[in-house]
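In what follows, a single structure is set out as structure tokens and then discussed.
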Amino acid sequence: MLEGIDPDWVRAGNRRYASYTNISPGEYVFKVMGSNNDGVWNNQAASIKIRITPPFWQTWWFRLLMVTSFAAALFLLHRYRLNKLLAVERTRIRIARDLHDDISGTLTGIVYFSDALGKEVGNRKTPAIEKLLSLIHESSANVQDSMSDIIWSINPENDKWEHLLPKLRRFVSDICESKGIHYDIEIPELIESRNLDMERRRNFWLIFKEIVTNAVRHSECRKVTVSLSAEKNRLRLFVADDGKGFNPKIATDGNGLKNIYSRANALNGKVQLTTGIGKGTRWEVSIPL
0 MLEGIDPDWV RAGNRRYASY TNISPGEYVF KVMGSNNDGV WNNQAASIKI RITPPFWQTW
60 WFRLLMVTSF AAALFLLHRY RLNKLLAVER TRIRIARDLH DDISGTLTGI VYFSDALGKE
120 VGNRKTPAIE KLLSLIHESS ANVQDSMSDI IWSINPENDK WEHLLPKLRR FVSDICESKG
180 IHYDIEIPEL IESRNLDMER RRNFWLIFKE IVTNAVRHSE CRKVTVSLSA EKNRLRLFVA
240 DDGKGFNPKI ATDGNGLKNI YSRANALNGK VQLTTGIGKG TRWEVSIPL
């Protein structure tokens with residue numbers, strides 16, 4: 000019998016061997032008892048110790064080596080990905096700084112020079128010159144505004160909700176007050192969520208900006224209501240005005256509607272527009288956090 004394997008003695012008959020398979024590594028004792036031709040058994044069994052060594056992949060040191068190697072691989076992968084993220088972040092900071100210092104500064108200069116030229120010409124301005132100066136000033140200001148958005152989007156310091164939310168509140172108050180429009184804002188101080196990546200933050204900001212700008216500049220409204228909330232892992236934006244409204248079927252190609260829908264689609268979001276002639280306009284945008 001093999002202790003630990005055989006529950007009791009095994010009669011071998013005339014066989015002079017014992018066969019075992021699939022025995023786990025370890026130490027065992029093999030015992031043998033014999034009998035004479037008269038069937039008398041000896042009183043004490045002969046025994047031999049057997050040690051079965053495990054294959055190397057079942058040894059403790061190999062398992063420890065595998066665990067250590069796996070942990071080291073995870074650590075190196077984490078370091079690699081972290082270094083790549085840091086490299087991208089440094090590049091974004093450099094690009095934002097260069098755009099601000101070079102292109103944004105140049106655009107500011109163009110706006111300043113167009114104003115200075117208008118003052119220099121004074122009463123000698125013809126309608127054509129006045130129109131041209133106005134176009135230069137307006138185009139430069141628009142490009143400068145777009146460049147400011149790009150610089151803000153690229154800068155990794157703005158990848159946090161605490162930087163985006165004040166910008167939203169400030170934009171609504173500034174544009175409404177400049178037009179003498181009453182407004183209500185309900186935007187939380189903080190949204191508990193992971194940071195927004197650059198592309199998602201830029202798309203959401205441009206959706207918000209387009210909707211509010213359309214309400215203030217085109218609706219002829221007296222009041223704008225803006226609210227933002229986070230519910231069930233979704234961000235919900237609500238913007239309404241009491242203006243003249245419009246026919247959405249006719250205005251599909253205008254008012255930046257296509258841009259709003261395409262950017263919301265890029266965010267896997269949903270857009271609901273409710274409006275009509277003389278009925279004001281109501282936007283509801285929902286995107287996953």
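So the sequence shown is numbered by numbering that gives the first Met the number 0: it starts at 0 and just counts up by one.
No residue lacks a Cβ here, since even glycine has one placed at the ideal position from N, Cα and C.
- Comparing alpha carbon positions, the residue from 279, 278, 117, 20 closest to residue 129 is 117.
- Proximity of the segment 180-188 to the segment 130-147 falls short of the contact definition, fewer than three beta-carbon pairs being nearer than 8 angstroms.
- Around the beta carbon of residue 204, 16 or more other beta carbons sit within 10 angstroms, so the residue counts as buried.
- Residue 249 is not a Cβ neighbour of residue 263, given a cutoff of 8 angstroms.
- Here residue 172 carries a helix assignment [DSSP, helix/strand/coil].
- In this structure, the CA atom of residue 74 is about 39 angstroms from the CA atom of residue 50.
- Only residues of its own chain outside the window of five on either side were considered, and among them 209 have a CB closer than 6 angstroms to the CB of residue 255, listed in chain order.
- For the set 225, 28, 281, the Cα lying nearest the Cα of residue 246 is the one of 281.
- For residue 205, the enclosing alpha helix (DSSP H) starts and ends at 197-217.
- Relative to residue 33, the option among 78, 25, 44 whose CA is nearest is 44.
- Secondary structure of residue 119 (DSSP, three-state): helix.
- Beta-bridge partners of residue 262 (DSSP): none assigned.
- With a threshold of 16 other beta carbon atoms within 10 Å, residue 9 falls short and is exposed.
- Comparing alpha carbon positions, the residue from 236, 79, 159, 284 closest to residue 271 is 284.
- Sequence-distant Cβ neighbours of residue 267 in its own chain, meaning closer than 8 angstroms and more than five residues away, are 286, 287.
- With a threshold of 16 other beta carbon atoms within 10 Å, residue 19 falls short and is exposed.
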